[in-house]
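Residue numbers (my numbering): -15 to 99.
Glycine included, C-beta positions come from ideal geometry on N, C-alpha and C.
All figures in this text were calculated on a predicted structure; none of them were measured in a lab.
Some notes on the structure that comes next.
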């Protein structure tokens, strides 16, 4: 009798445990707000997402790279690095002690100007 009740209890727990994930819903946070997503709904592979990622951010150079490029243009001591809209401006002194300013493109690393 106890064995039969224990077996039925284990079977009931197993059935309830497998039913819970099938009733779960997903949440999608987009520009239209928060909405519930049906997990059983099939997505159209040709449909584009509302939220598109901008991959340009990962292709930018960092401040360290800008300083390295500026040093190759004659900067000996770096005083300041300023992040502009499309470039880094590295200010410092050259080997003769004169002030020098190098503008480096943030996306390509190309030297835009040396003053």
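Extent of the continuous beta strand (DSSP E) run through residue 61: Sequence index remark: in the chain shown, residue 61 carries index 77 (1-based). Start and end: 61 to 67.
Helix, strand or coil at residue 77 according to DSSP, with G and I counted as helix: Mapped onto the chain shown, residue 77 falls at position 93. Looking at residue 77 - three-state DSSP - the assignment turns out to be strand.
Residue range of the unbroken beta strand (DSSP E) whose run includes residue 45: Here the question's residue 45 lines up with position 61 in the chain shown. Looking at the DSSP string, residue 45 is not in any beta strand (DSSP E), and its letter there is neither H nor E.
8 Å Cβ cutoff, residue 55 in contact with chain C: This model lacks chain C altogether; it includes just one protein chain.
Nonlocal neighbours in the same chain, by C-beta distance under 6 Å from residue 66, ignoring five residues either side: Locating residue 66 in the chain shown gives position 82, counting from the first residue. Within the same chain, residue 66 has close Cβ partners 73.
Assigned secondary structure, residue -13 (DSSP; H/G/I helix, E/B strand, else coil): The residue you call residue -13 lines up with position 3 of the chain shown. Looking at residue -13 - three-state DSSP - the assignment turns out to be helix.
Contact the segment 72 to 89 vs the segment 48 to 60: 3+ CB pairs below 8 Å: yes
Proximity below 8 Å, CB of residue 44 to CB of residue 91: The residue you call residue 44 lines up with position 60 of the chain shown. The residue you call residue 91 lines up with position 107 of the chain shown. Cβ atoms of residue 44 and residue 91: closer than 8 Å.
With 16 other Cβ atoms within 10 Å as the buried cut-off, status of residue -14: Translated into the one-based positions of the chain shown, residue -14 becomes position 2. Its Cβ having fewer than 16 others within 10 Å, residue -14 is exposed.
Euclidean distance between Cα positions of residue 114 and residue -2: This structure cannot settle anything about residue 114, because the visible part of the chain is limited to -15 through 99.
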